[in-house]
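Peer 1:
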Amino acid sequence: MIDPSYISEILIPSDTLQARIAELGAEISRDYLGQDLLLLAVLKGSALFLSDLMRQITIPHAIDFMAISSYGSGQESSGVVRILKDLDEPIEGRSVLIVEDIVDTGRTLDYLTRMLRTRQPASLRICTLLNKPSRREVAVPMDYIGFDISDRFVFGYGLDYNQLYRNLPYIAVLAPRFYVRE
Ligand code: 5GP
């Protein structure tokens with residue numbers, strides 16, 4: 001498994017994640033009752049969140065995926081986004097809920113929501129598991145937030161450290177000596 005020296009702290013244990021996701025699922029099920037709900041997950045980080053969230057949503061809904069890469073590598077996002085995989089279906093007239101792993105500067109979501117709005121969905125909202133409010137550079141309205149966290153590099157539960165450890169069932173904080181901010 002993981003070398004424990006990578007982890008400085010388990011920030012959100014598995015049972016806390018699952019309890020909050022159940023609350024989010026119930027809220028989304030109430031809010032979107034009777035609507036044509038499409039969950040749009042941004043690969044790869046939100047894969048685990050989507051899979052648990054959709055099992056807590058009790059109303060009919062579809063899912064679709066986008067893969068994007070932000071120019072600039074490593075632990076920072078540049079906000080200039082390239083689409084690696086687009087949605088399979090048009091979203092015009094549908095109630096689209098973006099499912100994200102983490103919002104940091106907000107640049108990625110700002111770009112994505114501008115682009116998706118041109119496709120004229122009935123509504124476009126955002127559900128993020130994690131939010132780092134102190135890092136925000138671009139205001140993006142978020143409708144559902146799992147947890148506000150402080151400015152530390154986290155991984156696990158879908159989020160990677162150098163593409164690894166997405167399978168951890170909890171959110172961990174990377175030990176500071178491994179953290180490189182560009
Ligand atoms: P933003 O455009 O909001 O700055 O960046 C969002 C993206 O940056 C996330 O989807 C994620 O890929 C990456 N990111 C930001 N903070 C973290 C973090 O603490 N851990 C990991 N693994 N990725 C992060």
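Numbering (our numbering), first residue to last: 1 to 182.
Don't be surprised by glycine CBs; every beta carbon is placed ideally from N, CA and C.
This one's a predicted model, so the numbers in the text were calculated from it and none came from an experiment.
Decide if Lys132 is buried, meaning its Cβ has at least 16 other Cβ atoms within 10 Å, or exposed.
Peer 2: Buried, by the Cβ-count rule.
Peer 1: Exposed or buried, which one is Val80 when buried takes at least 16 other CB atoms within 10 Å?
Peer 2: When all chains shown are included, Val80 counts as exposed.
Peer 1: For Met66 and Leu87, which I take to be in contact (beta-carbon distance under 8 Å), what is that distance rounded to the nearest angstrom?
Peer 2: Yes, Met66 and Leu87 are in contact; Cβ-Cβ is about 6 Å, under 8 Å.
Peer 1: Is the separation between the beta-carbon of Val42 and that of Glu137 shorter than 8 Å?
Peer 2: Not closer than 8 Å, so no.
Peer 1: Can you give me the start and stop residues for the alpha helix (DSSP H) that Ser29 sits inside?
Peer 2: 14 to 31 is the extent of the alpha helix (DSSP H) around Ser29.
Peer 1: Looking only at C-alpha atoms, which of Asp64, Pro141, Asp110, Thr105 sits nearest to Gly90?
Peer 2: A small correction: the amino acid at residue 90 is Pro; Gly does not occupy that position in the sequence shown. For the residues Asp64, Pro141, Asp110, Thr105, the minimum Cα distance to Pro90 belongs to Asp64.
Peer 1: Indicate the three-state DSSP secondary structure (helix, strand or coil) for Arg94 in the structure shown.
Peer 2: In the structure shown, Arg94 sits in coil (DSSP, three-state: anything other than H, G, I, E or B).
Peer 1: Under 7 Å: does the beta carbon of Phe155 sit that close to some heavy atom of the ligand 5GP?
Peer 2: Phe155: yes, Cβ under 7 Å from the ligand 5GP.
Peer 1: Of the choices Arg177, Tyr179, Val180, Val173, whose alpha-carbon is the least far from that of Ser8?
Peer 2: For the residues Arg177, Tyr179, Val180, Val173, the minimum Cα distance to Ser8 belongs to Val173.
Peer 1: Please list the terminal residues of the continuous alpha helix (DSSP H) segment that includes Leu87.
Peer 2: No alpha helix (DSSP H) contains Leu87, which DSSP labels as neither H nor E.
Peer 1: Give the DSSP bridge partners of Glu9, in chain order.
Peer 2: Answer by DSSP bridge pairing, in chain order: Val173.
Peer 1: Using a threshold of 7 Å, is the CB atom of Leu159 nearer than that to any non-hydrogen atom of the ligand 5GP?
Peer 2: For the ligand 5GP, at least one heavy atom lies less than 7 Å from the Cβ of Leu159.
Peer 1: Determine the closest residue to His61 out of Gly45, Ser70, Arg94, Met142, with distance taken between C-alpha atoms.
Peer 2: Considering only alpha carbons, the answer is Arg94.
Peer 1: Out of Leu168, Tyr170, Gln35, Ser70, which one is the CA nearest neighbour of Arg107?
Peer 2: Considering only alpha carbons, the answer is Ser70.
Peer 1: Nearest-angstrom Cα distance between Gly45 and Asp104?
Peer 2: So the alpha carbons of these two residues sit roughly 13 Å apart.
Peer 1: Can you give me the start and stop residues for the beta strand (DSSP E) that Leu40 sits inside?
Peer 2: That run of the beta strand (DSSP E) goes 37 to 43.
Peer 1: Could you check the C-alpha separation between Ile171 and Ile83 for me, to the nearest Å?
Peer 2: Approximately 27 Å, taken between the alpha carbons.
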